[in-house]
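Some notes on the structure that comes next.
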Amino acid sequence: MRELGLETISPYGLSEAARSHQEPNTLPLCGPMQLLVAQVLDLKRQGIDYLLLPDLQEGLESERGGAQCPWLLDLEAALLQNVPGMPPVLKVPARLGEPVAGLAAKLGQMLTRNPMMVRKALEKTRHLLFPRPKSLSEPKGGSWVGIVAQPYILEDYRLQGGVREALEAAGLIPYFASVRPAELIQEGSRVPLKLELPSDLELAGLSSYLSRLGKVKALVYLSAYNCPPIPPLMQKLANLQAKPWKLLVVGEEWGLALEELKAALEAC
């Protein structure tokens, strides 16, 4: 968009949404969606012409796993019910890869009517489609605990409920994996749960990857509050692997669960 000379606007003024996120019992939506609605409302106030919205499921439909959550199944439809007068939506892939280039060309042509400019912009930015995974500093010593959660929770510390600090306070070391989404989806497709949605496959792939990583001794499955379909899916994934694990829900008390996890590790 920037190479085409188009103005891109990011949401701001999210402190109110972040504060309300700390009161799970008073919110009709889970934390990630509460924050998303606040972002869209903020962009609407800024007078945007189009809203770029991630297509989480790449057009696939299902009745399993996360499909039971309308936000995960069809983000645009769910937003339309919560944001009156929402700007026109342009769906974009939620994961970087070759499909982004084709869609970028289509959107660029629609917005600029200049094929040559679009072609030059794509040539300059194509290298961004295949970034290297983030290089994370590996923790040293202690018992490593792998964190399994939806991608949008792992990418935003505000939605993690302080899980890193809670684990460290309990004498455990949190480990956040850095693996390309396409690789996780491929690994998730081999998990024997007949999952279909890309977001479910990515979650399953992360669980499988961490379960076979020798340096990770236990797993924490981290779920947003008020998100009914995800904890049962996480429990099914946890039961497929042999390491000690705990399911933590953001906003709930974790003290006893982490004590039990630490005890299980010490007993191994």
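Per numbering that gives the first Met the number 0, residue 0 is the first one in the sequence shown, and the count goes up by one each step.
Glycine included, each C-beta is placed from N, C-alpha and C at the ideal position.
Looking only at DSSP bridge pairs, what is residue i linked to?
{"i": "Ala217", "result": "Val144"}
{"i": "Tyr174", "result": "Gly145"}
{"i": "Asp54", "result": "Pro92"}
{"i": "Leu246", "result": "Tyr220"}
Quick check on the burial criterion: 16 or more other C-beta atoms within 10 angstroms. Buried or exposed for residue i?
{"i": "Gln33", "result": "buried"}
{"i": "Cys267", "result": "exposed"}
{"i": "Gln159", "result": "buried"}
{"i": "Tyr174", "result": "buried"}
{"i": "Lys216", "result": "buried"}
{"i": "Leu255", "result": "exposed"}
{"i": "Asp155", "result": "exposed"}
{"i": "Ile8", "result": "exposed"}
{"i": "Glu22", "result": "Bear in mind that the predicted position of Glu22 carries a pLDDT of just 40, short of 50, making it too unreliable to give a figure here."}
{"i": "Glu201", "result": "buried"}
Please report the Cβ distance between residue i and residue j, rounded to the nearest whole angstrom; I am assuming they are in contact, meaning their Cβ atoms lie under 8 Å.
{"i": "Ala169", "j": "Glu258", "result": "7 Å"}
{"i": "Leu207", "j": "Glu186", "result": "Note that residue 207 is Ser in the sequence shown here, rather than Leu. Indeed, because the Cβ distance is near 5 Å, the residues count as touching under 8 Å."}
{"i": "Ala203", "j": "Gly30", "result": "In fact, because the Cβ distance is near 22 Å, the residues do not count as touching under 8 Å."}
{"i": "Met85", "j": "Val39", "result": "7 Å"}
{"i": "Leu95", "j": "Pro53", "result": "Incorrect: roughly 11 Å between the Cβ atoms, too far for contact."}
{"i": "Pro277", "j": "Pro150", "result": "As displayed, the chain neither begins before 0 nor continues past 267, which places residue 277 out of reach and without an answer."}
{"i": "Glu2", "j": "Ala120", "result": "4 Å"}
Identify whether residue i lies in helix, strand or coil by the three-state DSSP scheme.
{"i": "Met32", "result": "helix"}
{"i": "Leu260", "result": "helix"}
{"i": "Tyr208", "result": "helix"}
{"i": "Met109", "result": "helix"}
{"i": "Thr7", "result": "coil"}
{"i": "Ala241", "result": "coil"}
{"i": "Leu26", "result": "Reliability fails at Leu26, whose pLDDT of 45 lies under 50, so the model's placement of it is uncertain and the value that follows must be treated cautiously. It is coil, neither helix nor strand."}
{"i": "Lys193", "result": "coil"}
{"i": "Leu59", "result": "coil"}
{"i": "Tyr49", "result": "coil"}
{"i": "Ala168", "result": "helix"}
{"i": "Arg18", "result": "Unreliable positioning characterises Arg18 in this predicted model, as indicated by a pLDDT of 44, which lies under 50. A coordinate reading is not provided."}
{"i": "Asp155", "result": "coil"}
{"i": "Trp70", "result": "helix"}
{"i": "Gly187", "result": "helix"}
{"i": "Pro150", "result": "helix"}
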